[in-house]
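Engineer: Heads up: the sequence shown begins at 179 in the numbering used here, then just goes up one per residue.
Encoded as structure tokens, here's the structure I'll be asking about.
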Amino acid sequence: MNAVMMPTEVEHRQGVLVLRRVFHAPRELVFDAWTKPEHFRQWFGPAGGSVPHCRIDLRVGGELHFAVAEAGGQTVWCKGIYQEITPPERLVWLDYFSDEAGNITEREGFARETRIEVTFEQHAFDSTLVTVRHEPLEIDHGEIQGWKDGFDRLEALVESLK
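Spelled out as structure tokens, the structure:
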């Protein structure tokens, strides 16, 4: 039985992007979708894109290194460095653009470093409220739609994994 897809609530002001979405799955399963490369690759990024590379070293100081191949043909490499990990409640990482080898790079018009905080709260019977706080994000370069698209695919993924 397919659950009704919930909308993603979005707030973007004063350089802070906050997204909230209820997923019809236990929070341990939703947390795993964020922390296991085989799952992360299936949902992250904008519609029409893919994640051809994803490596996750899930420990404080460990790295999240991935590539997003966008529908238009451009591939964007990113690197995160985990600051906090509290399974299955919270993830915090500093996020950067990188090259294929994982070296931090800069991209004109974008902040050199952003902070991404994700919380996973038990919402209702077997549902999870995910809140993402992404900052600083003064200008939306497509991040809002990318997160929303990814959340749609995340909903489908956790539904298939139940």
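Every residue, glycine too, gets a C-beta built ideally from N, C-alpha and C.
Suppose the cutoff is 7 Å on Cβ atoms and the five residues either side in sequence are ignored; what does the same chain contact list for GLU206 look like?
Structural biologist: PRO266
Engineer: If you draw a straight line from the C-alpha of GLU241 to the C-alpha of PRO185, how long is it?
Structural biologist: 30 Å
Engineer: Given that a residue counts as buried once 16 or more other Cβ atoms are within 10 Å of its Cβ, and exposed if not, what is ALA245?
Structural biologist: Burial state of ALA245 is buried, judged by a 10 Å Cβ sphere holding 16 or more other Cβ atoms.
Engineer: Is it right to say PHE209 is buried, meaning 16 or more other beta carbons lie within 10 angstroms of its own, or is it exposed?
Structural biologist: buried
Engineer: Nearest to VAL229 by CA position, among ILE294, VAL336, GLU216, is which residue?
Structural biologist: GLU216
Engineer: Are the CB atoms of GLU316 and THR306 within a distance shorter than 8 Å?
Structural biologist: no
Engineer: If you follow the beta strand (DSSP E) that PRO230 is part of, which residue opens it and which one closes it?
Structural biologist: 228 to 234
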